[in-house]
Every structure is written in structure tokens, then in C-alpha cells.
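Under this note's numbering, the first residue of the sequence shown is numbered 1426, with each subsequent residue one higher. Note that the Cβ used here is the ideal one computed from N, Cα and C, for glycine as well. All values derive from a computational prediction rather than experimental measurement.
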Amino acid sequence: MAIDLKAVAIAIDRFAAKQQLATPATTALFQHLLGDALTKATTAEADGTYFVKTGDIPAMWLRDATFQVLPYVQLIDDIPDLQPILIGVLRRELRYLQHDPYANAFNETASGAHWSDDESDLPISDLVWERKFEVDSLCAPLLLALRLYEQTGITTYLDAEFWQTLGIILTVLETEQQHATRSTYYFKRENCPANDTLTHDGRGAPVAETGMIWNGFRPSDNASELGYHVPSNMFVVAMLRGLLPLVPTEHTSLRTRMQQLMKQIEQGITDYAVVILPTGKKGYAYEVDGLGHAKLMDDANVPSLLSLPFIGYTDVDNPLYQATRQFVLSADNPYYYQGSVLQGVGSNHTPNDYVWPISLAMVGLTTTDKQVKQQQLALIAATDNGTKQCHESVHMDDTSQYTRDWFSWANMTYCQLALELI
């Protein structure tokens, strides 16, 4: 039976209307935004799946879509019809991965629409909006699957198609452990900023084999500078570790591959990504190349170093995480901005001095301190400039200066934090 999206949207609005947060501003923004991903971004498809566009760009990013609908997982007990919708979103993500596991964003139909006229090792499909290889795009659907299981205890959607797609994901990850010798992937874009394409004839800067997975583009969609994006590799470990107990007994090869990959990535992280930070403490680098170079920074886009507990890689109180967090939320991080209105992490995807509400929410989502959670909600609510939107990024001194009129991922991450206080 088809789900009535309008009825579900009404149920979400009713749920939101009953909730009260610490301030009128945070409450009003939550009540306005909770239905954002469902009512404005989600379309029911004839095959029973659901397309979730990112916002004011008409494409579905695998990463964004998962984080857009993730808050709804917590509402399943109150609104049961959300469960088949979320499974339908997952199913569409899996089918996109089957179509092209190297792409990061897809069209609703095979319309031939593309962000740009790019060149890659395969002709870019009419279904693909953009073919930037981002390891987190392979992990995001797995996160949705895991959170659904943790919330409901149901495994019926973890069917043959799911495990088959996981096999496809593993093959790509195994290939990209040896990017230089085994991978055919390249990506070239002409007449663009330098961080919107890959160097070295589209292959990216040289790396040594480390056990980690090579990554073309960061979660910001900007090019990785050193090849191994550490938070994305940690995301892989967290997802495989979470799924391992759920693998059916007959899939022994799949289980073995998962265990081997986790072990190799973890060893690579230990050997190459644990560094001395500018604070003098031992913590994690953002990117490394296995050749002795490390990028000491963090970016607002998730997965990030700040988000490691949120994506399930480590506990909040882990000493390495805490040292890394201290660095990330300081002037030692080149993308940490402190202005008269806002202080937080930005991105090289947006101008200097612009703070991302997603990062402001992530500060709250990675602490056990309720007061900090409330403070971060209030900070975000003060950035909307009367638009009732969270936006992509906001100038640290002037909330009337922002990027993206509608960025659903930011809206829903605000709601994710708010739900922790309800």
C-alpha cells in the first residue's frame, strides 16, 4: 500500500507542535524545519523508492540524503509510516550505488543533467549528476541501514539486494586501497577552481599504499589534497564494524572481506594518521598521503574529525578524539572562524570567515553536556536572518551574509540536535 506523504507530513508537524525547547526561537525553528526533508525534498517514485533532493540543487547526494532523513529514524515509534519511507530512501541509495559506485550525486531520472561537463574513466551516465569519488558516499547508505536496525530491531530490509550492494562497495574500497596500480578512476573538470578537479591528469596527487582507502573528493565535494581522507576511512570502519554482526551466516566471504578491510584501515590510521597536533597533543590528521605529509585541519562537512562519535567511530571521551576536538575548535584549525556573532568551523567550499551551521550542530551532537547542546541550538537559531532556514554557511560577523537559500542537510542536522533535548 502506498504511503500518503501528506498525511505523514501532517503527523510530523503535529509531533513538532507538541515539543518545547529551551527558548522560543529554538522551538519555533525546530517546529518549522522538522518536516523540511519530507515535505520539500522527498518525492515518492513508482518503484516504491523515494528520491531526496539536497535542497536548491535538484539532485540527490548519497551523503546528504542520509543525513537529511536520519532524524526521522527517531520518530518511527511515534509515526510508523516513516519506516517504509526510510527503507525506500535506502533502497534508492543502494540502486544508485549499483548503477555507479564512484558517483556522489544522482538525478531523479536519467535526464542527462550534470553539474558540469566532466571527463572520467567511464562515460558519465544520464542518471549521474556528478561523478566525484567520495568514500563517504559509500558509507552513508550503510549508516541509514544501521540506524534503522538500531531503532527498530528489524532486518527484513537487509535482504539479498543489500548484501549484494555491500559486496559492490567492498570491491571499490579494496580497489582504492591500491589506487595507483588497480584503479582506473580519474576525474577532470575544465575551467573551474583548482579544488573542483583532480591533479595529475585526473588521478590525484601521489600516495603510498597504507591500508587506507584513497579518496578523490572530500565530503565538501572539494578535491582531497593528500589522497587519504582520515574521517572517511574511519566512517568505513564504523559502518563495517556495526554491520558485521548482521551479516547472514551464508555470506562467509563477505564477512572475511569486511574484517580484513577494517583491520587494514585501522592499521593505516594508527601508522599514518595519528600525529602531533599544533596544540602539542597527539591526535588525528585530516588527510595524509602515506609519504610523510599530513593535513592538520578540519572541515564542517560530515564525516569530519569533529563528527567521529556521531558517525560511530569512537566514544566522546576517547583521549585521541578529545585532543583532536580541542584542536578543531581552536584557531589552530585554519577553517575555524571566530567573529562577533559566530564562532565555529567552516570549509574551503565556502568563503573565508563563513561558519557552517552543520558544524555548530555537530559540536552539540558530540558532547554529553546538555547546556552545550542548548547553547549550540540557540546559536544556530540566531543565524537564520528571518528566513527560517539554517543555510549552508553564515558570515561570522553578519548573519545577513550566507550561502544557499535552502540547504536541507543543515536544516535536518539542527533538528537532529534538537531531538536530543526532547
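- Query: According to DSSP, what are the bridge partners of I1701?
  - Reply: For I1701, DSSP records a beta bridge to K1707.
- Same chain, Cβ closer than 6 Å to I1594, neighbours up to 5 away in sequence not counted: For I1594, where only same-chain residues beyond five positions count, the Cβ hits under 6 Å are L1563.
- Message: Excluding the 5 residues flanking E1575 on each side, which residues of the same chain have their C-beta closer than 6 Å to its C-beta?
- Response: Excluding five sequence positions before and after E1575, none of the CB atoms of its chain fall closer than 6 Å to its own CB.
- Item | Own chain partners of V1597 with C-beta closer than 8 Å, once the 5 adjacent residues on each side are dropped | Cβ within range, chain order: P1526, Y1527 and L1563.
- Whole-angstrom distance between A1442 and D1696, CA atom to CA atom: For D1696 and A1442, the gap between their C-alpha atoms comes out near 50 Å.
- Task: Would you mind working out which of L1665, N1532 and T1491 sits nearest L1515, comparing C-alpha positions?
- Result: For the residues L1665, N1532 and T1491, the minimum Cα distance to L1515 belongs to T1491.
- Residue interval of the alpha helix (DSSP H) (run including H1820): Secondary structure note for H1820: it is in no alpha helix (DSSP H), and the uninterrupted beta strand (DSSP E) holding it is S1818 to H1820.
- Item | Given 8 Å, three or more beta-carbon pairs between the region 1516-1523 and the region 1474-1486 | Output reads yes: the region 1474-1486 touches the region 1516-1523.
- Query: So, A1543 versus F1642, is the Cβ gap smaller than 8 Å?
  - Reply: The question names Ala, but residue 1543 is Asp in the sequence shown. Taking C-beta atoms as the reference points, D1543 and F1642 fail to come closer than 8 Å.
- Start-to-end residues for the alpha helix (DSSP H) that takes in Y1475: Per DSSP, Y1475 belongs to no alpha helix (DSSP H); it is in the beta strand (DSSP E), Y1475 to V1477.
- Query: How do the region 1496-1504 and the region 1436-1456 stand: do at least 3 beta-carbon pairs fall below 8 Å, yes or no?
  - Reply: Yes, the region 1496-1504 is in contact with the region 1436-1456.
- Message: Taking contact to mean 3 or more Cβ pairs, one atom from each stretch, closer than 8 Å, check whether the region 1688-1706 and the region 1652-1664 are in contact.
- Response: For the pair of segments examined, the region 1688-1706 was found to touch the region 1652-1664: the number of CB pairs separated by less than 8 Å reaches three.
- Query: Hey, how far is the Cα of V1553 from the Cα of D1646?
  - Reply: Answer to the nearest angstrom: the Cα atoms are 15 Å apart.
- C-alpha distance - A1807 paired with Q1684, whole-angstrom precision: Their Cα atoms are separated by approximately 45 Å.
- Message: So, for L1459: in the same chain, excluding its five sequence neighbours on each side, which residues have a beta-carbon less than 6 Å away from its beta-carbon?
- Response: Excluding positions up to five away in sequence, the list reads I1437, A1441 and C1840.
- Item | Nearest-angstrom Cα separation, counted from V1560 out to P1644 | Taking the straight line from one Cα to the other gives about 8 Å.
- Is it true that the CB of P1509 sits closer than 8 Å to the CB of I1428? With contacts defined as CB atoms closer than 8 Å, I1428 and P1509 qualify as a contacting pair.
- Task: Could you please give the first and the last residue of the uninterrupted beta strand (DSSP E) stretch that includes A1469?
- Result: Taken as a continuous stretch (DSSP letters only), the beta strand (DSSP E) holding A1469 covers T1467 to A1469.
- Task: Give the DSSP-derived three-state secondary structure of V1632 in the structure shown.
- Result: Three-state DSSP puts V1632 in coil, outside helix and strand.
- Message: Taking its Cβ as the centre, do 16 or more other Cβ atoms sit within 10 Å of Q1734, making it buried, or is it exposed?
- Response: The residue asked about is misnamed: residue 1734 is Pro in this sequence, not Gln. With a threshold of 16 other beta carbon atoms within 10 Å, P1734 meets it and is buried.
- Item | Extent of the continuous beta strand (DSSP E) to which W1554 belongs | It spans V1553 to E1555 - the beta strand (DSSP E) in which W1554 sits, taken as one unbroken run.
- Minimum C-alpha distance to S1765 - residue among L1745, D1809, T1749 and T1824: Ranking the options by Cα distance to S1765, first place goes to T1824.
- Query: What does a CB cutoff of less than 6 Å around D1626 pick up in its chain, not counting 5 residues either side in sequence?
  - Reply: If we look at D1626 and ignore the five residues flanking it on each side, it has no Cβ neighbours.
- Task: Would you check if there are 3 or more beta carbon pairs closer than 8 Å linking the region 1776-1784 to the region 1825-1836?
- Result: As far as the Cβ criterion goes, the region 1776-1784 touches the region 1825-1836, which means the pair count is three or higher.
- Are F1843 and F1455 close, meaning C-beta to C-beta below 8 Å? Reading the sequence as shown, one finds Ala at residue 1843 and not Phe. Between A1843 and F1455, the gap from beta carbon to beta carbon is short of 8 Å.
- Taking just the CA atoms, how far does E1555 sit from G1537? The alpha-carbon separation between G1537 and E1555 amounts to approximately 11 Å.
- Message: Tell me the DSSP secondary structure of H1539 in three-state form.
- Response: H1539: coil per DSSP, three-state reduction.
- Where DSSP assigns a beta bridge to L1780, which residues make up the other side? First, the amino acid is wrong: residue 1780 is Val here, not Leu. V1780 is bridged to V1819.
- Task: Give the single residue among P1703, S1732 and V1727 whose Cα lies nearest to the Cα of P1719.
- Result: Residue identity differs from the one stated: residue 1719 is Ala in this sequence, not Pro. Checking every option, the nearest Cα to that of A1719 belongs to P1703.
- Task: From the DSSP output, read off the bridge partner residues of V1770.
- Result: In the DSSP output, where bridge partners are listed per residue, V1770 has Y1761.
- Item | Selection from T1448, T1812 and A1432 that minimises the alpha carbon distance to T1464 | With distances taken between Cα atoms, T1464 lies closest to A1432.
- Message: Under DSSP, the alpha helix (DSSP H) around K1431 begins and ends at which residues?
- Response: If you look at K1431, you'll find it in the alpha helix (DSSP H) that goes L1430 to A1442.
- Item | K1707, buried or exposed, once every other Cβ within 10 Å from all chains shown has been counted against 16 | Residue environment: K1707 is assigned as exposed (fewer than 16 neighbouring CB atoms within 10 Å of its CB, all protein chains considered).
- Quick one: Cα of Q1493 to Cα of A1462, how far? One C-alpha to the other measures close to 6 Å.
- Query: Going by beta carbon distance, what residues of the same chain come within less than 7 Å of T1590, once the five residues before and after it are set aside?
  - Reply: The residues are L1519, L1522 and Q1523.
- Rank G1652, V1770, T1624 and A1565 by C-alpha distance to the C-alpha of H1604 and give the top, closest one. Measuring from the Cα of H1604, the nearest candidate turns out to be G1652.
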